[in-house]
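Heads up: the sequence shown at position 77 corresponds to 713 in the working numbering, and the numbers run straight through without jumps.
Heads up: the structure comes next, in structure tokens.
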Amino acid sequence: YPFSEDAGVFAKAGVVALNTETEVNDTNETHQTSTDLALALGGQYDITERFGVRAELEWFESALQGDLKYSLGAVVRF
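Structure follows, in structure tokens:
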């Protein structure tokens, strides 16, 4: 949602599919598959028409006891 010509906020919702395999000393092997909810909020600021910066906070349902994921990125338009 743009709140000015150069800046805006966004939200995302989706599903994340995880496939985990663990092996310890060739004797104990585990395999786990799960599908979980993923949500995100973020903002973007366009420095020029072709270049901008974006910050995002993501939450995964399986991370209830873990940390949130923060990211900072660049947007380049061709």
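Here a beta-carbon is modelled for each residue, glycine too, at the ideal position from N, C-alpha and C.
All of these numbers come straight from a predicted model, not from anything done at the bench.
Asked                                                                                                     : Found
The segment 659 to 666 touching the segment 679 to 699, judged by at least three CB pairs closer than 8 Å : no
DSSP state of E697 mapped onto helix, strand, coil                                                        : helix
Alpha-carbon to alpha-carbon, S640 and N655                                                               : 41 Å
Where F646 sits in the DSSP three-state scheme                                                            : strand
Reduced DSSP category for S640 - H, G, I as helix; E, B as strand; rest coil                              : coil
Residue nearest to V645 in terms of C-alpha spacing, selected from R713, L693, K705 and E697              : L693
Inter-residue Cα distance where the pair is G650 and L677                                                 : 12 Å
Endpoints, beta strand (DSSP E) assigned at E685                                                          : Counting along the chain, E685 falls outside any beta strand (DSSP E), and DSSP gives it neither H nor E.
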